[in-house]
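Taken in sequence, the protein lines are chains A and B.
If you're matching positions, the first sequence starts at -13 in this note's numbering and goes up one per residue.
If you're matching positions, the second sequence starts at 15 in this note's numbering and goes up one per residue.
Ideal Cβ placement from N, Cα and C applies to all residues, glycine included.
On a predicted model such as this, the values are computed, not experimentally measured, just so you know.
The next block holds one structure in the form of structure tokens; read it before the comments.
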Amino acid sequence: MAAILPVLILFLWEGLSRAGVLSEDGFSRPSDWAVALVKALADGTLLTQTVETFGAAAQALLISSLLGISIGAVLGLVRPLERAAQLTVDALRPIPSVALIPLSLLVFGFSREMSAAVAAFACFWPILIVTIASVRGVDPRLLEVGKMLRFSWVQRIWKLALPAALPGILVGVRVAAGIAIVVTVTTEIVTNPRGLGHGMTLAALGLQADLVWATLIWIGIVGWGVNWSLLRIK
Amino acid sequence: MRRALSAGASLAFFCLLLLAWKLSADAKLLNPLWFPGPERSFGKLWEWITTGALWQPLGSTVWRMFAGWLAACVAGVALGAAIASSPIARRLFQPSAEFLRPLPASAILPPAILILGLSDAMIVFVVAFGCVWPILLGAIQGFGSLDRRLVEVSRLMNFNSWTRAWKFQLPAALPDIFAGMRVSIAIALIVTVASEMLSSQPGIGYLMLVAARAFRSADIFAGIIVLGALGFATHYALQKLEQRLLRWRY
């Protein structure tokens, strides 16, 4: 049932293209996509690009998790500080991540770090907000026990608050993982000459429509696979 | 009193960060080539405003963003209502929509450029494509979960299907639709800016990328401030609109 619609569209596409209704330069043909996809998979370009993109996304997720969880834990435990930081968070959060592409380009040049920095900014906010909420939801009695045991501040966060808040935090990290890939691909398409995104831009510049569509479908499959496996982990 | 205190603390914290920004820029802790202080950044913004250099690119960006987003709203709600009305359509469309949703909206930029060329229409189309999924899925959810008793009431009152859709189904679906619209307006801004950068169409995004190539860091920061303000304003306006339209819920 789920496959009916996509298959129907692909056949219609193929037919209209062969009938000359859809121009071949832009729309290409699904049968050509399949050939291009197999070719790009076989010669390894697609896989190298995928590794590149995922490396940058993973780096972004790691940085944003470290920053988001540690800052979120402090803000979640210290209410006055969280209230004081509210305005700053509200002012910075609406900045669209892509607005940082030019800045990141100046700072890091064309590199993996460039994509990772932009994606890390995008991932930071959901992780921060979820961490604040989950840490605040930790039973206060647990923290009082920590006080009675004369735990230091760091120990109380590390040994009590964070483990108790972990399930909630992981939800935020999972959301951020999807964002990391989306933003990484976006930076690659726009400027950064590496990864899957750049592969598409390059193919488009070379007017290889079949490769453009093949890469797009590959990104869709990979993205869907990541989403699916993240849901399974839960 | 407490609220005033908390607002004061918020403002103080914000100013403290601004001060830290200024001091670290003045002390050249970070490379001044790409890290201008706040007075240079806001000065640039003020210059844009007073010379009027800001308005045309901002206008283009806002126009593309809203054109794409509104098209996605109309298409998403209409399609969502149609899909939700029949269980077969639902089972036919929903898996495809779920598959397309995690796809980065910007990933359809290269094929869109091949088909539509480097044009305004291309950007609006890509923005609409990126925005439509959250709204569509929200609409399917919203129209699909109408209370059965409401349907019976509308039958009893002999409403025709248009009145029924307008008076019962749309209001009931609005909260879910708004949730999708709020996600989408953020996507619209991101995709608009990314498209401008890639296709060199005049707008705030393109302005910033040109500034980066010329190492004009103050322009970049001024652009970031403008885009942040735009993101904030659209989110806030939509929130207010939602509160007005859904007053009956609160």
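Taking 7 angstroms as the upper bound on Cβ-Cβ separation, chain A lies near residues Gly237, Ile238, Leu241, Gly242, Gly245, Phe246 and His249 of the segment 237 to 252 of chain B.
If you keep only unbroken alpha helix (DSSP H) runs of at least 4 residues inside the segment 174 to 199 of chain B, you get 175 to 178.
Taking 7 angstroms as the cut-off between beta carbons, none of the residues of the segment 131 to 155 of chain B comes near chain A. The segment 119 to 127 of chain B and the segment 182 to 191 of chain B do not touch, with fewer than 3 CB-CB distances between them shorter than 8 angstroms. In the DSSP assignment, Gln194 (chain A) falls outside any alpha helix (DSSP H) and carries neither an H nor an E. Taking 9 angstroms as the cut-off, the beta carbon of Leu92 (chain A) is found closer than this to the beta carbon of Trp48 (chain B).
For the pair of segments examined, the segment 150 to 160 of chain A was found not to touch the segment -3 to 17 of chain A: the number of CB pairs separated by less than 8 angstroms stays below three. Each residue's CA atom was taken as its position, placing Glu99 (chain A) and Pro82 (chain A) some 18 angstroms apart. Boundaries of the alpha helix (DSSP H) around Gln155 (chain B): Asp134 to Gly158. Listed by position along chain B, the residues whose Cβ is nearer than 9 angstroms to that of Gly95 (chain A) form an empty set, because the closest Cβ is around 11 angstroms away. DSSP places Leu84 (chain B) in the uninterrupted alpha helix (DSSP H) bounded by Trp69 to Ser99. With a beta-carbon spacing of about 11 angstroms, Val140 (chain B) and Met79 (chain B) fall beyond the 8 angstroms limit used to define contacts. Using a Cβ-Cβ distance cut-off of 8 angstroms, the segment 36 to 48 of chain A and the segment 18 to 26 of chain B are not in contact, since fewer than three pairs of beta carbons, one from each stretch, lie closer than that value. Residues of chain B whose Cβ lies closer than 8 angstroms to the Cβ of Phe107 (chain A) do not exist, since the nearest Cβ in that chain is about 11 angstroms away. Neighbours of Ala208 (chain B) across chain A, judged by C-beta separation under 9 angstroms: Pro82, Val84, Ile87, Thr172, Thr173, Ile175 and Val176.
A Cβ-Cβ distance of about 29 angstroms is found for the pair Cys145 (chain B) and Ile63 (chain B), leaving them out of contact under the 8 angstroms criterion. Boundaries cannot be given for Asp125 (chain A), as no alpha helix (DSSP H) includes it and DSSP labels it neither H nor E. Phe56 (chain B) and Phe94 (chain A) have their C-alpha atoms spaced approximately 24 angstroms apart. By the rule that beta-carbons nearer than 9 angstroms mark a contact, Ser120 (chain B) touches chain A.
Setting aside the 5 residues that flank it on each side, Trp(-1) (chain A) is surrounded in the same chain by Pro16, each with a C-beta closer than 6 angstroms to its C-beta; the list follows chain order. Flagged as an interface residue toward chain A: Phe229 (chain B), by a C-beta distance shorter than 9 angstroms. Between the beta-carbon of Thr172 (chain A) and that of Ala86 (chain B) there is about 18 angstroms, and that puts the pair past the 8 angstroms contact cut.
One finds Met(-13) and Ala(-12) in chain A with Cβ atoms closer than 8 angstroms to the Cβ of Arg105 (chain B), taken in chain order. Counting C-beta atoms within 10 angstroms of its own C-beta, Tyr250 (chain B) has fewer than 16 neighbours from the protein chains shown and is therefore classed as exposed.
Look at Thr177 (chain A) here: in three-state DSSP terms it is coil, with no helix or strand label. With fewer than 16 other Cβ atoms inside 10 Å of its own Cβ, Ser159 (chain B) counts as exposed.
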